[in-house]
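Mapping the sequence shown onto the working numbering, position 117 (from 1) lands on 797, and the numbers just tick up by one. Every residue, glycine too, gets a C-beta built ideally from N, C-alpha and C.
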Amino acid sequence: MEFLKRLRKKEYAIKIKDFDSSFGDKIFNLLSNGKKMLHTPKGLSLFFNICVYLVLNLIAYGRYEYNTDVVMQALLCNVTDTSPTSHVAFSNMFLMRIIKGLIKLVPSVAWYTWFVVLLAFISISALNYLILFDNHGRIKQITTVVFNIFVGYECYMYPSYMKSAIICAFAMTVAALHIYRREKDILYYLIPSIGLFIAGLLSIKSMIIGLICGIVISALQLLINKKCSKELLAPTIGIVASLLVVLVFYGADRYVYTKDGEEGELILEYRGDIEKLTVFGYPKYSEKFDEELGINANQYKYMYSGDEYLVKNRSKESLSFLKVLADEKISFNGEHLLEFFRTVPIRTIKVGYLYLFIIAIYTFNISKDKKQKEIIIILSIIYILISYGILYFNYAWDNRVAQMIAFLPVIYWILSNSDDSIDISPKEFVVYLMVLGVVLYNNFSNHIVTTNPSSTIQEWIESTVREDKTEVLNINSMLKSYSIYTPYDAKVSADDRIITMNGNCCIFPQYNLVQYFDCVPGTVLYLGDGELNLDNYKIIE
């Protein structure tokens, strides 16, 4: 019996030892595989992007730049105390229904923000991978990190549904060409097709812009390589199929709005105009705005500085000026073309993408083995000028989205064609980038947000607004001052002491009863409910 006990103990000890050995081997293999992964384009692209995201969010706070993002998250979070809604106008409601469901499930998470940022994160990782695929030596890694920092700063510190949709559509389009060039299995085309579909649901206009940019760059690359065959049919079919599915969902989205009656028609009528003015910018003031629309210079300045429309009510007629402003263009003639070359290049000095473009050209130009360098650089400059020209004559050039459209595609193209065969050591290259980094910091440091409100939105209201007074404020500006990762307090604009300035939220029925439709403090205020009569007015103290 004693012998059997010892034998059992010995067997148990052997099992424990074998388990420890097996577990240790698994851990070792996992670490070993992780180390190997870091030396591959996939591992490096993901590692660089994670580091950039973490560092940027450690040193600064992200903020929404455009009120369209603010109002969509506000509607999803139910700040008006009506009900959370997926009818947010600027993104497809079927996608927003998923986000609304996640907010209902876990309200402490800013799901809209995380979706927009995650889509940009995946897209930037994909572009990193494509840049590093052919060559991931030391210099190429450094330039990819620099690329990641510049693009990550735009997408992580100032996220926007339009930026994420544009960069996603662009990345997926050039990825489809990459798959074609590497002769991958046809199932690989599902990845860019799914990406294009998601980008289209987030913003169909941005998806089309990113798709066009990707097609142009892909066409230029094929032209340089002098390679085009029937094998391009597979990626083309994938892209066209994604576009068709997006159009079906876009049609379904419009159909649901039309079922909402006048409220839905109001959204359909002006959502494109509001998006154009809010994201791409307002046209230069003209005297005809006063003559034709009744908007003087002071009112117009007030309007474009805060997206506040100063209308007396919310109807198609009262908001018709939005379509006039959104359709305004600069006539193409010699005088305006000369003004374009006098204005745009000087203002572009303050654009971060310009410096990334210079770094890309410098790295590419000192490569030893690359042929056709001059033609690629010339075509890139032509692309930037044409892009800025189209945007300029449509009053849409002086904003971050326009900068992404003009610079990002050619920067990616140049970096993906560069290599490590250059007449400079990695140490010298790092010193060069550090000097440039100091210059950039001095130029752009005032744009970095390093403080965050310590109080919640509701606490701010309690400390600022008196019990016996009605406060008229721009709800978008107030919400915009808070971190993008802070979910908006539900019912915050339903507070009886708060009236919201009408702006891009004007087209949403959820804001109807809390909007200020007079806009002159000290006078009567129309509450937006019923006919224009004295019973529906309130004195603002």
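For residue i, which of the options has the nearest alpha-carbon?
| i | options | result |
| --- | --- | --- |
| L924 | F877, S1047, R934 | F877 |
| I1066 | E1054, Y868, Q1083 | Q1083 |
| I1056 | I811, A879, I1094 | I1094 |
| T938 | M1114, A754, H767 | H767 |
| F801 | N815, I829, P787 | I829 |
| K722 | N815, M842, A754 | N815 |
| I889 | T1180, S844, Y1165 | S844 |
| G931 | V1024, E745, T762, N772 | N772 |
| S840 | S898, A899, T1180, F960 | F960 |
| L1238 | T1180, V826, S788 | No information on residue 1238 is available, as it lies outside the stretch 681 to 1221 that the chain covers here. |
| I739 | G941, G817, Y836 | Y836 |
| N1154 | H1016, Q1138, Q1195 | Q1195 |
| V789 | Q753, T823, I1178, T916 | Q753 |
| I917 | I874, T762, E949 | I874 |
Spatial neighbours of residue i within its chain, please: CB distance less than 6 Å, with the 5 preceding and 5 following residues excluded, ordered by chain position.
| i | result |
| --- | --- |
| C1185 | V751, Y1191 |
| Y1063 | V1090 |
| N747 | T958, D987, N1156, N1184 |
| W1077 | Y1068, L1071 |
| F1037 | F1087, I1091 |
| S803 | I847, C848, A851 |
| L870 | none |
Does the Cβ-Cβ distance between residue i and residue j come in under 8 Å?
| i | j | result |
| --- | --- | --- |
| S1163 | G742 | yes |
| F783 | C757 | The residue you asked about is not Phe; residue 783 is Ile in the sequence shown. The answer is yes: Cβ separation under 8 Å. |
| S1098 | T1043 | yes |
| Y1075 | I1026 | no |
| A914 | M887 | no |
| A725 | N808 | It should be pointed out that residue 725 corresponds to Ser in this sequence rather than to Ala. Closer than 8 Å, so yes. |
| L736 | Y833 | yes |
| R1080 | E745 | yes |
| E943 | P1189 | yes |
| V759 | Y1168 | yes |
| F929 | F774 | yes |
| K906 | D953 | no |
| I904 | Q1052 | yes |
Could you check what DSSP says for residue i in three-state terms: helix, strand or coil?
| i | result |
| --- | --- |
| Q1195 | strand |
| S1047 | strand |
| L670 | Residue coverage of the chain in this structure runs from 681 to 1221, which leaves residue 670 outside it and unanswerable. |
| E988 | strand |
| T938 | helix |
| G1183 | strand |
| I1178 | strand |
| E1054 | helix |
| N978 | helix |
| P1089 | helix |
| N815 | coil |
| P872 | helix |
| V926 | helix |
| R743 | coil |
| D933 | helix |
| H767 | coil |
| G1032 | helix |
Determine the direct distance from the alpha carbon of residue j to that of residue i, and round the result to whole angstroms.
| i | j | result |
| --- | --- | --- |
| I819 | P872 | 28 Å |
| S966 | G1032 | 31 Å |
| V1152 | I1141 | 12 Å |
| L785 | L799 | 21 Å |
| F727 | S995 | 51 Å |
| A806 | F813 | 10 Å |
| Y838 | G781 | 25 Å |
| V797 | K1030 | 24 Å |
| G1014 | E1008 | 19 Å |
| V926 | D933 | 10 Å |
| F1012 | F1073 | 7 Å |
| K1160 | T1180 | 14 Å |
| V1024 | T720 | 40 Å |
| D749 | E955 | 10 Å |
| Q821 | I1046 | 16 Å |
Excluding the five sequence neighbours on either side, which residues of its own chain have a C-beta within less than 7 Å of the C-beta of residue i, listed in chain order?
| i | result |
| --- | --- |
| I779 | L756, W791, Y792, F795 |
| L1005 | L957, Y962, P963 |
| C893 | F850, I1085, P1089 |
| I1058 | none |
| S1060 | V1090, W1093, I1094 |
| L810 | V854, A855, H858, S1096 |
| D970 | N976 |
| L711 | Reliability fails at L711, whose pLDDT of 49 lies under 50, so the model's placement of it is uncertain and no value is given. |
| S998 | V991, K992 |
Skipping 5 residues on each side, what residues in its chain have a beta carbon closer than 8 Å to that of residue i?
| i | result |
| --- | --- |
| F708 | Reliability fails at F708, whose pLDDT of 49 lies under 50, so the model's placement of it is uncertain and the value that follows must be treated cautiously. Taken in chain order, the list of residues that qualify is empty. |
| R951 | A769, F770, I1187 |
| E945 | Y937, T938, K996 |
Should residue i be counted as a contact of the ligand GTP given a C-beta to heavy atom distance under 7 Å?
| i | result |
| --- | --- |
| Q1195 | The ligand GTP is absent from the structure shown, which contains no ligand whatsoever. |
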